[in-house]
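Residues in the sequence shown are numbered from 1 upward in steps of one, following full-length UniProt numbering.
I have placed the structure first, in the form of structure tokens, so that the comments after it can refer back to it.
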Amino acid sequence: MLTGTKKMCEEGGCGVCIVVRKINNSQKYLAINSCLISLLSCQGWHIYTIEGIGDSDQRHVIQERLIKFNGSQCGFCTPGMIMNMYALQQSDFELSMADVENSFGGNICRCTGYRPILSAFKSLCKDATPDLKACIRDIEDLSTDNDFNCRSKNNEDRNEMKSSRGVEVKPPFHFMFPRETWIRVYEFNDLLRVMKTFNGPRICTLVAGNTAKGVYKHKIVANVYVDISVIGKLRGHKINENFLALGANVTLTDTAKIFERESAKNEQFTYLKAVAEHTQLIATVPIRNVRMLETCNATLDIVDIEGNKHLTSPQQFLKLDMSNKVIRKILFPKLSNMEYKYGSYKIMPRHQNAHALQNAGFLFHFEEENNKLRSARIVYGHVNKKFVHASKTEQFLSGKYIFDNGVLQSALKVLDGELECETILPEARPDFRKGLAISLFYKFILNIAPKKCVSLPNLTGGLMLNRPISKAAQEYDTKECIYPLARGIAKIEAKYQVTGEAEYIMDKPNYPNQLYASFVTTKARPKTKILNLDATKALKIPGVVAFFDKDSIPGRNTFTPLEMGLFSSEEKLFCSDSIEYYYQPVGIIVAITHDLAQSAGEMVEIRYGASAKNAILSINDALENDQNRVSKIRAVNTGAEGKKVSLEQKEETKEITGTFRLSGQYHYHMETQCCSAIPKEDGINLYPSSQWIDLSQCAAAAVLNIPANKIDISVKRLGGGFGAKIIRNSLISSSTALACYLLKQPVKMWLPLESNMNIIGKRYPVHSKYKVWVNDEGIIQRFENNIYFDHGNANNENVVEEFFDIYFKTYNTKLWRADFCVVHTDNPTTCYTRAPGSAEALAMVEAVMEHTAMELEMDPLEFRLKNLNKDDSKLIEHINDLLQWAQIYERKSTILEFNKNNRWRKKGISVVPMTYPFHLMLGYGILVSIYHIDGSVAIAHGGVEIGQGINTKVVEVCAYKLGISVDQITVKPSNNLIAPNASMTGASLTSEAVCWVSEFISLIFTRSKYWGKRGVIKACDTLLKRIEPMKKMFSNASWRELIQKCHQEFINLCATSMCQGAKEEDLQPYNVYGVCASEIELDVLTGQYQITRVDLLEDVGDSMNPGIDIGQVEGAFAMGLGNFCTEQIITDEDGKILTNRTWHYKPPGAKDIPIDFRIKFPKKIPNKVGVLKSKGMILHWRSINLLKAPEEYFK
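Next up, the structure:
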């Protein structure tokens, strides 16, 4: 089975499906999105998958590098990353670090924060920096297999960039199917004949790269598909005295190369360099490999099926009926660089692979003698459906000298008057788009103006931000005396993840007679009544097996049984009467294939009552229209029993009021929610993508009304979780179990990305209204805050304790008051998301600190230092450490000077401190078995490996304690027999707890006093007593010999134990400290920014694995960056989510991370009350005071 190539978004936006195509008869390798490529297009192709370049026994150098740099966490995105790099490396021996950083816009990783992945791949480049080279073997030793060696660039076959003249003519060939026909044509005239032959009632679709499938979800299925990808006339280019003629099917990648080459050779094509640069902002490398015009006055050469030629402009093309027509080529005119000035802009929510917030293009034709404008072309996208040219402004500028300030101001007024931006959800706000369009016009003028016309502070306003190659540094301590602990070994799963051999729930092999399930969901406003469900049409489709709804459930209609002890209510598995949220499941359809189940689900008819008017869809909605939806569940008054500020004090203080809002965030785990259920003689084997196997078992038992012991749960690993799979996965696993139980057949369920985003809840939207009283010295006298959390339609994942744990920790909170309210809205239940509650608390407090300092016109760092919790000396020590290490005060002076000299470009720096209280409060069982034949060890535990490295840390702990190699230890899948009743896996709590238990069990063979004395639980005491006599008798025996002697004496070599959470006397609560300094550079005209440097210090005690812990910090930072800057959940007035695809929802990419990312784990500060003197990891790093979305900066 080839399980390495994954699926997730199915629209070319995530990168997990990337494979490599080797062009026949050449040495050209192309990364392509397999989810977009029609199978029949691959006829004659040579395709590499991850399995084809190396395996766990003989890895390719790229795979090896990713392991060495800790570039794999959950590992689900890893094969796609490697294959993208493989295509780059095989195609270009002179690969540069810039090439690498520019080529991963289509590969999303939620875990790592990209830095270790980029470092691994950049270490293979010709210009790799010394620090990268130091991490690996000789940079020129690229492979051990000749087939994998990078080839010389001189061997590149460039035939594909030429016309087909001289190429052997091939006749069309076709495949006939019952309902469709597939035809591949090689010659342009053959294409016209085929189109003419099938002209009529049958629908004919031309197929080239097929990348449009990722943008437009085709609902009309064609009868005839014509593959035009190999027509030579459509793939070449030619230059004559007036034009560069580009074949209409030349890929964007090759287009950029042609434009760069021709712009360097011909002055009249200089503008094409800017066009080439613009193409780098379009889509991703795999999409550009398989697939501006109006601004540069290009012309489209179109031919109809009769052979008639039509020349049209791109603007005219938008209105043209293209039936029976095809674009043959695009004509780019020659434009003298002395007379013409060209510029194009694309402002995006992230740096790569995002459609525009605003597009703009400008072409000015000047009179050479006096610099007056002969003509101007001003083109915009995203204004309204009809708008293309700013024609009034173009007419106004004709014959004028644009570099006169009066003319410019008048032109701006004309432009402002003709730009009428419409509201187009989920696009950016109309006022933002309009303002941005005007700013881009001004930026273009600044860019082309003679230097004598522009003052020095304005000069940088004409430039776009230029991002250099990113770099990083990590500083931490390590102790050789305790290796493999603290050594920073690579994740034990990494060697299987990089080769595609690692098995995920989604990769489970299909069983005989296996079926597939898909949710049937509501599509109506919440509170609307369901009058009737009718699956008759769906069930008539061949291959559709069954439909199950609430009436099919043998037990209870819930996936959150109250017996778990955590839930306040039982959420419905299937909607029963009134719709609770848009896209709520009403049942499942079961069919013989996944795709058939998906399509059949759309055929189930749901009849609704009148649309409800009383739905509440936001916190503001509840506060304004239904106060009954707001419940105060906690009020905290600190110090002086919450005494109010006196009248005398009020006269001496300044009162500052404000609001804070933070929207929801999708988890974006790369493996979406899924489950596989297999019937067995006495129950069901369930394989859920769950972070809580105990809930999977109990919820399924409640739904099926069978004893829990009839349900066996097993989980090897997950492709990410971030909290979404703690409770929400039981909705999927219980539904899958239901179908399996009723049909007595294996059933698999996998949610497509859109369904996953529609149905599953997200991070809690939060809103607060606050008042702060501050004296003249900048010290807070009183802080009152009303806090509102949107919990959706249920309150089963309450985070009030986690919120207040951090809210009152960092600063002097003796006169703080907070009322915590839960708001019940008609949205999917919000759920645990990386650092639930604590991330929101930190964001809220720091936003208030920043706002208050600004109102006082006080330096934000100074204001924070004045209001710190002075009783916590350790926090102050860490702050001082960072201020010196990161040279904060020196950099602030430099920034102030930069800002003074630049009007439209600004820099900023911020320092955020944090104190995070850590409680080991969850319980997990663990089993350790030692095998007598060779002394090897197997471990199983109740946690779940989701990329956080829990298995690696457990292996390190046992290896150290037992005095054996990590290679002698393996970790088995988590299951509910070995670890029954296990707590949920979340944050770093699980890793700490499981390692704690592992340490206890390993005390059988303790060989060092380094850790001091520990209380020994019964299992370890028993094992010590059993083994001790043999150790005394055979003191010189090797590990293997000793174990064999124990076995011969029938000594039990299997031990179990359990971490009892807060009841563990030797594990006391402690604080984790951290300080983060973030520096950004902002383009004031566009709202675009880049994070120029981050210095992050975190107190981790004695890290058990610095490499893994650094990866957790970097990943958490990137997820926080997404929450504040690039990710936005938008719904319509009925609660329907509009940002449910990679097309609209944008987590950070590889070029959004800090340009210079420095992390420091302070040395020689062991945590005496923690697990192995370590500390838990902080997973909610935020640069909250500086980072915002471009839309917010623009205001």
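For glycine and all other residues, C-beta sits at the position ideal for the given N, C-alpha and C.
Predicted model only: the values in this text are computed from it and were never measured.
- Within the segment 191–278, the complete beta strand (DSSP E) segments at least 3 residues long are 204–207, 224–227, 237–239, 243–247, listed from N- to C-terminus.
- Nearest C-alpha to residue 916 among 958, 804, 212: 804.
- One thing to note: residue 794 has its Cβ no nearer than 9 Å to the Cβ of residue 563.
- Remark: fewer than three beta-carbon pairs, one from each stretch, lie closer than 8 Å, so the segment 537–549 and the segment 715–733 are not flagged as touching.
- Residue burial is scored here from C-beta neighbours: residue 1046 has at least 16 other C-beta atoms within 10 angstroms and is therefore classed as buried.
- For a cut-off of 8 Å, the C-beta gap from residue 559 to residue 391 is around 58 Å, too long to register as a contact.
- Looking from the CA of residue 1159, the closest CA among 1127, 1150, 950, 1078 belongs to 1078.
- Put simply, of 476, 336, 86, 309 the residue whose alpha carbon is nearest the alpha carbon of residue 28 is 86.
- Here residue 912 has 846, 1076 as same chain residues with Cβ atoms under 6 Å from its own Cβ, once five neighbours each way along the sequence are excluded.
- Between residue 518 and residue 749, the CB-CB gap stays under 9 Å.
- At the C-beta level, residue 942 and residue 693 come within 9 Å of one another.
- For residue 653, the secondary structure class from DSSP, reduced to helix, strand or coil, is strand.
- Here residue 568 has 795, 796 as same chain residues with Cβ atoms under 7 Å from its own Cβ, once five neighbours each way along the sequence are excluded.
- Every beta strand (DSSP E) of 3 residues or more that sits fully in the segment 567–638 is shown, in chain order, as 585–591, 605–608, 630–637.
- DSSP, read as helix, strand or coil, puts residue 693 in helix.
- Remark: C-beta atoms of residue 722 and residue 667 approach each other more closely than 9 Å.
- Contact between the segment 512–528 and the segment 575–583 is present: three or more C-beta pairs spanning the two stretches fall below 8 Å.
- In the DSSP annotation of this structure, residue 844 is not part of any beta strand (DSSP E); the continuous alpha helix (DSSP H) holding it starts and ends at 838–856.
- Residue 992 and residue 770 have their C-alpha atoms spaced approximately 37 Å apart.
- A distance below 6 Å between beta-carbons, with the five flanking residues on each side excluded, links residue 351 to the following residues of its chain, in chain order: 1151, 1152.
- Residue 45: not part of any beta strand (DSSP E); DSSP gives it neither H nor E.
- Residue pairing by DSSP places residue 380 opposite 360 in a beta bridge.
- When only Cα atoms are considered, residue 69 and residue 476 end up about 15 Å apart.
- Remark: C-beta atoms of residue 869 and residue 849 do not approach each other more closely than 9 Å.
- Its Cα nearest to that of residue 937, the residue 959 stands out among 525, 453, 923, 959.
- For residue 743, the CB contacts under 8 Å within the same chain, skipping 5 residues up- and downstream, are 515, 545, 546, 590 in chain order.
- Within the same chain, and ignoring the five residues on either side of residue 874 in sequence, the residues whose Cβ sits closer than 8 Å to its Cβ are 1071, 1073, 1099.
- Contact between residue 907 and residue 898 holds, since their C-beta atoms are separated by about 5 Å, short of 8 Å.
- Collapsing the DSSP output to three states places residue 387 in coil.
- A check of alpha carbon separations from residue 469 across 103, 6, 482 identifies 103 as the nearest.
- Here residue 555 carries a coil assignment [DSSP, helix/strand/coil].
- Looking at the DSSP output, residue 84 shares a beta bridge with no other residue.
- Shown here for residue 503: same chain residues with a beta carbon closer than 7 Å to its own, the five before and five after excluded, namely 3, 716 in chain order.
- With respect to the 9 Å criterion, residue 910 and residue 860 are classified as neighbours on the basis of their beta carbons.
- Judged by DSSP in its simplified three-state form, residue 952 adopts helix.
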